[in-house]
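Visitor: Order-wise, the sequence lines are chains A and B. Numbered per the UniProt record's numbering, the first sequence spans residues 1 to 185. Numbered per the UniProt record's numbering, the second sequence spans residues 1 to 185.
Number of protein chains: 2
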Amino acid sequence: MEGLGTTYTVSVLARKFGLSRTTLLYYDKIGLLRPSRRQENGYRAYDAGDAARLAQICAYRRYGLNLADIGRILDHRGSDAKQVLARRFEELGVQIQELREQQRQILSLMGSEHLERTDLVMSKADWTALMRAAGFSDADMFAWHVRFEHQAPEQHLKFLKFLCIPDEEIHQIRAWSAAGAKPDG
Amino acid sequence: MEGLGTTYTVSVLARKFGLSRTTLLYYDKIGLLRPSRRQENGYRAYDAGDAARLAQICAYRRYGLNLADIGRILDHRGSDAKQVLARRFEELGVQIQELREQQRQILSLMGSEHLERTDLVMSKADWTALMRAAGFSDADMFAWHVRFEHQAPEQHLKFLKFLCIPDEEIHQIRAWSAAGAKPDG
DNA sequence: CATGAACTGTGAAGCTGTAGACGGGTCAAG
DNA sequence: CTTGACCCGTCTACAGCTTCACAGTTCATG
Chain A
1 MEGLGTTYTV SVLARKFGLS RTTLLYYDKI GLLRPSRRQE NGYRAYDAGD
51 AARLAQICAY RRYGLNLADI GRILDHRGSD AKQVLARRFE ELGVQIQELR
101 EQQRQILSLM GSEHLERTDL VMSKADWTAL MRAAGFSDAD MFAWHVRFEH
151 QAPEQHLKFL KFLCIPDEEI HQIRAWSAAG AKPDG
Chain B
1 MEGLGTTYTV SVLARKFGLS RTTLLYYDKI GLLRPSRRQE NGYRAYDAGD
51 AARLAQICAY RRYGLNLADI GRILDHRGSD AKQVLARRFE ELGVQIQELR
101 EQQRQILSLM GSEHLERTDL VMSKADWTAL MRAAGFSDAD MFAWHVRFEH
151 QAPEQHLKFL KFLCIPDEEI HQIRAWSAAG AKPDG
């Protein structure tokens with residue numbers, strides 16, 4: 001206030017955004033967020049504009065963008081936000097797949113008996129129980145898989161991974177889904 | 001070879017396991033995998049035992065364990081593999097949630113129009129179309145959500161996030177699912 | 001005016017797991 | 001003996017901070 005606008009010191013601004021002081025010092029060092037002014041004693045003086053920029057930075061961080069990308073977007077240095085976010089979105093898809101893969105690996109190693117009552121994953125058994133309770137017969141579920149596989153194979157795969165089904169079994173399910181016929185047994 | 005058993009140099013062993021030479025050098029430095037012998041010229045000489053240990057390391061890495069944990073497990077320093085893997089499993093669940101959250105944030109910011117035909121996520125519309133095609137009426141889906149919410153609320157939440165539904169909508173769906181009655185409109 | 005707490009500044013190092021550069025050794029071909 | 005293609009070990013860099021060390025400042029209290 002006081003006519004010249006609000007200013008913040010590092011720690012105050014950091015607290016305002018739930019960051020640590022050193023994080024802001026780091027942002028300063030790499031040029032992502034420089035305080036527009038310094039006090040006579042050399043202390044950093046951030047103004048409302050700086051705070052607004054920091055708000056943007058935090059927002060983009062929430063999407064998981066790295067600081068370099070954020071810098072490019074904010075300074076309009078050839079990077080368009082939409083394009084960067086779209087790229088990040090795809091990256092996230094890949095990462096999620098990887099982590100889920102690790103989860104399934106662990107699961108298939110330990111078997112669910114050792115992960116006592118995890119509640120963390122939806123298992124195939126849980127899912128089919130739910131569907132059966134909703135009136136789905138085995139035949140219905142089969143038809144549903146077939147349709148799913150034909151309509152959106154990628155998403156079918158994702159869904160099966162979501163259920164933490166082992167690779168081989170996923171492969172089998174997709175195979176008979178694609179063929180439209182379940183093998184004997 | 002020559003009767004004293006097979007030995008490998010760094011690069012050879014690295015290639016054998018699809019790792020880079022520097023990775024093995026790093027493992028040596030942190031004490032995770034020390035070659036049991038050195039040649040006269042100072043070159044690292046890994047034997048079959050070392051290779052076996054490396055195989056274990058790679059296996060654990062596939063589950064996403066960090067090197068410190070792997071070291072503790074292999075050297076039996078108070079860490080039991082099952083317990084560490086279980087911990088890692090939960091960690092993975094949290095991380096996946098976070099990444100998916102980022103994905104949903106991006107999606108809700110950009111709207112699906114900008115992510116042209118991504119195929120990367122299953123949308124609510126895709127899902128309901130599939131269920132309708134399988135003979136589910138709106139009322140059936142409603143009942144299904146109610147059952148899901150009561151039977152496994154955590155997993156219901158996960159599933160809704162899997163469909164990349166915005167937070168507020170998830171909240172609403174869960175609210176009426178829990179209540180067992182859909183509000184007007 | 002001295003003391004201390006609580007702030008500020010700078011700089012350097014550490015973390016994880018890996019990639020790459022650098023200079024030097026090894027070995028066969030010419 | 002030299003050239004070239006490899007190999008080796010060591011050192012440095014990356015992200016995105018955090019932690020540490022050390023010094024100067026501000027302000028309230030005694």
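Where is the CB? At the ideal position from N, CA and C, for every residue including glycine. Just so you know, these numbers come straight off a predicted model, no measurement behind them.
1) Checking the sheet assignment: what are the DSSP bridge partners for A/Asp80?
2) Kindly examine the ligand ADP and report whether one of its heavy atoms sits closer than 7 Å to the Cβ of A/Leu67.
3) Which residues in chain A have a C-beta closer than 8 Å to the C-beta of B/Gly64? List them in chain order.
4) Please classify A/Phe17 as buried or exposed, where buried requires at least 16 other C-beta atoms within 10 Å of its C-beta.
5) Determine the extent of the alpha helix (DSSP H) in which A/Tyr26 is found, giving its start and end residues.
6) Taking only three categories from DSSP, how would you classify B/Arg88?
7) Three Cβ pairs or more, each shorter than 8 Å: is that satisfied between the region 60 to 67 of chain A and the region 80 to 91 of chain A?
8) Hey, A/Thr22 and A/Ala48 are a contact pair by Cβ (cut 8 Å); roughly how many whole angstroms apart?
9) Keeping to the same chain, check which residues put their C-beta closer than 7 Å to that of A/Thr72; ignore five residues upstream and five downstream.
10) Helix, strand or coil for B/His45, going by three-state DSSP, please let me know.
11) Using a Cβ cut-off of 8 Å, which residues of the region 138 to 151 of chain A contact any Cβ in chain B, in chain order?
12) If the cut is a Cβ gap below 9 Å, which residues of chain B does residue 186 of chain A touch?
13) According to the neighbour-count rule (16 or more other Cβ atoms, all chains shown, within 10 Å of its Cβ), is A/Ala14 buried or exposed?
14) Measuring only between beta-carbons, confirm whether A/Ile73 sits less than 8 Å from chain B.
15) In whole angstroms, what separates the C-alpha of A/His76 from that of B/Ile30?
16) Whose C-alpha, out of B/Ala45, B/Ser137, B/Glu154, B/Phe148, is nearest the C-alpha of B/Gln97?
17) For A/Ile96, which residues in chain B fall below 8 Å Cβ to Cβ?
18) Please report how far the alpha carbon of B/His156 lies from the alpha carbon of B/Asp167, in whole angstroms.
19) Is A/Val12 near A/Arg44, with beta carbons less than 8 Å apart?
20) Would you mind reading off the limits of the alpha helix (DSSP H) that contains A/Thr128?
21) Could you name the residues of the same chain whose beta carbon sits closer than 8 Å to that of A/Ser20, not counting the 5 residues immediately before and after it, in chain order?
22) Just to make sure I have the definition right: I need the residues of chain B whose C-beta is within less than 9 Å of the C-beta of A/Ala68. Which are they?
23) Compute the distance between the beta-carbons of B/Gln95 and A/Gly64, then report whether it is under 8 Å.
24) In chain order, what residues of the UniProt domain "HTH merR-type" (7 to 76) of chain A put their CB closer than 7 Å to some CB of chain B?
25) Among B/Arg34, B/Leu130, B/Ala175, which has the Cα closest to the Cα of A/Glu149?
26) Measuring only between beta-carbons, confirm whether A/Ala178 sits less than 8 Å from chain B.
27) In angstroms with no decimal places, state the Cα-to-Cα distance between A/Glu91 and A/Gln39.
28) Given that B/Leu160 touches chain A, what residues does it touch there, using C-beta distances under 7 Å?
29) Restricting to Cα atoms, I'd like to know which of A/Arg147, A/Ala68, A/Leu74, A/Gly42 is closest to A/Ala55.
30) Taking DSSP as the reference, what is the three-state secondary structure of B/Arg34?
31) By DSSP's criteria, A/Thr7 is part of a beta bridge. Which residues make up the other side?
32) Alpha carbon to alpha carbon, how far is A/Leu67 from A/Asp50? Give it in angstroms, no decimals.
33) Of all Cβ atoms in chain A, is any one closer than 8 Å to the Cβ of B/Ala134?
34) Please report the Cβ distance between B/Lys124 and B/Leu163, rounded to the nearest whole angstrom; I am assuming they are in contact, meaning their Cβ atoms lie under 8 Å.
35) Could you check whether the Cβ of A/Ile170 sits closer than 8 Å to any Cβ belonging to chain B?
36) For B/Arg88, decide whether its Cβ has a neighbour in chain A, counting only Cβ atoms nearer than 8 Å.
Guide: The relevant details are as follows:
1) Mapped onto the first sequence, residue 80 of chain A falls at position 80. Answer by DSSP bridge pairing: none, since A/Asp80 is not bridged.
2) The ligand ADP is not part of this structure, which contains no ligands at all.
3) Translated into positions along the second sequence, residue 64 of chain B becomes position 64. Those within 8 Å of B/Gly64 in chain A are Leu99, Gln102.
4) Counting from one through the first sequence, the residue named residue 17 of chain A turns up at place 17. Per the 10 Å Cβ criterion, exposed.
5) Along the first sequence, read from residue 1 onward, the residue named residue 26 of chain A stands at position 26. First-last of the alpha helix (DSSP H) with A/Tyr26: 21 to 29.
6) As a working mapping, residue 88 of chain B is identified with position 88 in the second sequence. Helix, per DSSP.
7) As far as the Cβ criterion goes, the region 60 to 67 of chain A touches the region 80 to 91 of chain A, which means the pair count is three or higher.
8) Mapped onto the first sequence, residue 22 of chain A falls at position 22. Mapped onto the first sequence, residue 48 of chain A falls at position 48. That pair is no contact at about 23 Å.
9) Translated into positions along the first sequence, residue 72 of chain A becomes position 72. Here residue 72 of chain A turns out to be Arg, not Thr, going by the sequence shown. Contacts found: Gly78, Ser79.
10) As a working mapping, residue 45 of chain B is identified with position 45 in the second sequence. Note that residue 45 of chain B is Ala in the sequence shown, not His. Of the three classes helix, strand and coil, the one that applies to B/Ala45 here is strand, per DSSP.
11) Using a CB distance below 8 Å, the part of the region 138 to 151 of chain A facing chain B consists of Asp140, Ala143, Trp144, Arg147, Phe148, Gln151, ordered along the chain.
12) No statement about residue 186 of chain A is possible, as the shown extent of chain A runs from 1 to 185 and does not include it.
13) As a working mapping, residue 14 of chain A is identified with position 14 in the first sequence. That one is buried.
14) By one-based count along the first sequence, residue 73 of chain A stands at place 73. It does not: the Cβ of A/Ile73 has no partner Cβ on chain B nearer than 8 Å.
15) Looking up residue 76 of chain A in the first sequence gives position 76. Looking up residue 30 of chain B in the second sequence gives position 30. Cα to Cα, A/His76 sits roughly 42 Å from B/Ile30.
16) Locating residue 97 of chain B in the second sequence gives position 97, where the first residue counts as 1. Comparing alpha-carbon positions, the option among B/Ala45, B/Ser137, B/Glu154, B/Phe148 lying closest to B/Gln97 turns out to be B/Glu154.
17) On the first sequence, residue 96 of chain A is found 96 positions in, with the first residue counted as 1. Contact of A/Ile96 with chain B by beta-carbon distance below 8 Å involves Ile96, Leu99, Arg100, Gln103.
18) Taking the second sequence and counting its residues from 1, one reaches residue 156 of chain B at position 156. Taking the second sequence and counting its residues from 1, one reaches residue 167 of chain B at position 167. Answer to the nearest angstrom: the Cα atoms are 13 Å apart.
19) In the first sequence, counting from the first residue as 1, residue 12 of chain A sits at position 12. In the first sequence, counting from the first residue as 1, residue 44 of chain A sits at position 44. No, they are not a contact pair.
20) Residue numbering aside, residue 128 of chain A sits at position 128 when the first sequence is read from its first letter. Where A/Thr128 is concerned, the enclosing alpha helix (DSSP H) stretches over 124 to 133.
21) Within the first sequence, the letter at position 20 stands for residue 20 of chain A. Annotation for A/Ser20: Ala14 place their beta carbon closer than 8 Å to its own, counting only its chain and skipping 5 residues before and after.
22) The sequence position of residue 68 of chain A within the first sequence is 68, counting from 1. Within 9 Å Cβ-Cβ: nothing; A/Ala68 doesn't reach chain B, min ~17 Å.
23) Stepping through the second sequence from its first residue, residue 95 of chain B is reached at position 95. Stepping through the first sequence from its first residue, residue 64 of chain A is reached at position 64. Not a contact, by the Cβ cut-off of 8 Å.
24) Arg62, Tyr63, Gly64
25) Looking up residue 149 of chain A in the first sequence gives position 149. Closest option to A/Glu149, Cα to Cα, is B/Leu130.
26) The residue given as residue 178 of chain A occupies position 178 in the first sequence. No, A/Ala178 does not count as interfacial toward chain B.
27) Numbered from its first residue, the first sequence carries residue 91 of chain A at position 91. Numbered from its first residue, the first sequence carries residue 39 of chain A at position 39. One C-alpha to the other measures close to 42 Å.
28) As a first step, residue 160 of chain B must be located in the second sequence, where it is residue number 160. Here the premise fails: no neighbours, minimum Cβ distance about 12 Å.
29) Position 55 of the first sequence, counted from the start, is the residue given in the question as residue 55 of chain A. For the options A/Arg147, A/Ala68, A/Leu74, A/Gly42, the alpha carbon positioned closest to that of A/Ala55 is the one of A/Leu74.
30) One-based indexing of the second sequence puts residue 34 of chain B at position 34. In the three-state DSSP reduction, B/Arg34 falls in the coil class, being neither helix nor strand.
31) As a working note, residue 7 of chain A is residue 7 in the first sequence. In the DSSP output, where bridge partners are listed per residue, A/Thr7 has A/Asp47.
32) Taking the first sequence and counting its residues from 1, the one referred to as residue 50 of chain A is at position 50. Taking the first sequence and counting its residues from 1, the one referred to as residue 67 of chain A is at position 67. If I take the Cα positions, the gap works out to 16 Å.
33) As a working mapping, residue 134 of chain B is identified with position 134 in the second sequence. Output row for B/Ala134: interface = yes.
34) Reading the second sequence from its first residue, position 124 is the one you call residue 124 of chain B. Reading the second sequence from its first residue, position 163 is the one you call residue 163 of chain B. Confirmed, about 5 Å.
35) The count along the first sequence starts at 1 and reaches residue 170 of chain A at position 170. No, no contact with chain B.
36) As a working mapping, residue 88 of chain B is identified with position 88 in the second sequence. Yes, its Cβ sits closer than 8 Å to a Cβ of chain A.
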